[in-house]
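Student: Below are the structure tokens for one structure; questions will follow.
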Amino acid sequence: MARTAKPPKPIEIRDNDALPDVVRATHIAFLILKGTKVGSWKHLVSNAEAIAKVRLTPDQQACLDRNLNVVSLISVDPQRIVAVCSDCGQVSFLGRTQDGKAQAAPSKCILTRDCTGKPIKTPLTAKAKPKAEPDAEPAGEEAAAGEEAAAGEEAPSEAGPLVIVQPELELGIGAGVPA
692 MARTAKPPKP IEIRDNDALP DVVRATHIAF LILKGTKVGS WKHLVSNAEA IAKVRLTPDQ
752 QACLDRNLNV VSLISVDPQR IVAVCSDCGQ VSFLGRTQDG KAQAAPSKCI LTRDCTGKPI
812 KTPLTAKAKP KAEPDAEPAG EEAAAGEEAA AGEEAPSEAG PLVIVQPELE LGIGAGVPA
């Protein structure tokens, strides 16, 4: 009797849709890279097996597509994320400090003269699940949903596979982008 390989467990991304569009897109991209254990977006686009595991909602896919120019520069190793000014919308890239800690977002905008906005940094973790209210219904449905996910069930019908729109995207930035 031959053993058949189990299909890979789908990776569903839980992002924070309250973030600004560019920050949300980089958050989704960072979670995809962490979930697939791929170091950079450049390596992800050439890894069909990793791409096949990811399930995104149509809204998440559209957010990635709108911000592909920034998303394509995100990486886990070396860590490269963004901070976006809440007022002027300018994007700055953040990495790690010399001692290996995640670089903090600047306390005020440094990219636009006289801008008083505060940059918003890409979150490095998935969106926290909301705490249940004491008067809320019992968590039986949530527990059942968790058991289904643990059993390797398919992603919800609203989630679909990740689609890389421009895998051949060429970047005109030579310095600072690992090959």
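Sequential numbering from 692 applies to the sequence shown in this note's numbering.
Even for Gly, the Cβ is constructed at its ideal location relative to N, Cα and C.
Because the structure is a prediction, the values reported are computed rather than measured.
1) Check the C-beta distance from ASP778 over to CYS806 and give it rounded, since I have them as a contact under 8 Å.
2) If you run the structure through DSSP and keep just helix, strand and coil, what is VAL745?
3) Residues in the same chain with beta-carbon distance under 6 Å from PRO797, minus the five sequence neighbours each way, listed in chain order, please.
4) Under 8 Å between the Cβ atoms of ASN707 and PRO814?
5) Taking all protein chains shown into account, decide if GLN751 is buried (16 or more other Cβ within 10 angstroms of its Cβ) or exposed.
6) Check each candidate in LYS799, CYS800, THR803 and ALA793 and name the one with the smallest Cα separation from THR816.
7) Three-state secondary structure (DSSP) at LYS725?
8) Looking only at its chain, what residues have a beta carbon closer than 6 Å to the beta carbon of ILE702, apart from the 5 residues adjacent to it on each side?
9) Could you compute how far the alpha carbon of GLN781 sits from the alpha carbon of VAL713?
10) Let me know if THR717 comes out buried or exposed under the rule of 16 or more other beta-carbons within 10 Å of its beta-carbon.
11) If you compare alpha carbons, which of ALA774, GLU740, CYS776 and LYS733 is closest to LEU759?
12) Starting from VAL782, trace the beta strand (DSSP E) in both directions and tell me its first and last residue.
Tutor: Quick answer:
1) Position 87 of the sequence shown holds residue 778. Position 115 of the sequence shown holds residue 806. Indeed, because the Cβ distance is near 5 Å, the residues count as touching under 8 Å.
2) On the sequence shown, position 54 is the one that residue 745 refers to. Note: VAL745 maps to strand in three-state DSSP.
3) Position 106 of the sequence shown, counted from the start, is the residue given in the question as residue 797. These residues qualify, in order along the chain: PRO810.
4) Here residue 707 refers to the residue found at position 16 when the sequence shown is read from its first residue. Here residue 814 refers to the residue found at position 123 when the sequence shown is read from its first residue. It is a contact, given that the beta carbons lie within the stated cut-off.
5) Within the sequence shown, residue 751 is the residue found at index 60, counting from 1. So GLN751 counts as buried.
6) As a working note, residue 816 is residue 125 in the sequence shown. It is ALA793 whose Cα lies nearest to the Cα of THR816.
7) Numbered from its first residue, the sequence shown carries residue 725 at position 34. Three-state result, LYS725: helix.
8) Counted from its first residue, the sequence shown places residue 702 at position 11. The answer, listed in chain order, is GLY726, LYS744 and VAL745.
9) Position 90 of the sequence shown, counted from the start, is the residue given in the question as residue 781. Position 22 of the sequence shown, counted from the start, is the residue given in the question as residue 713. Distance between the alpha carbons of GLN781 and VAL713 is about 10 Å.
10) Indexing the sequence shown from 1 puts residue 717 at position 26. THR717 comes out buried.
11) By one-based count along the sequence shown, residue 759 stands at place 68. Taking LEU759 as reference, the option from ALA774, GLU740, CYS776 and LYS733 with the minimal CA-CA separation is LYS733.
12) Locating residue 782 in the sequence shown gives position 91, where the first residue counts as 1. Counting along the chain, the beta strand (DSSP E) containing VAL782 begins and ends at 782-785.
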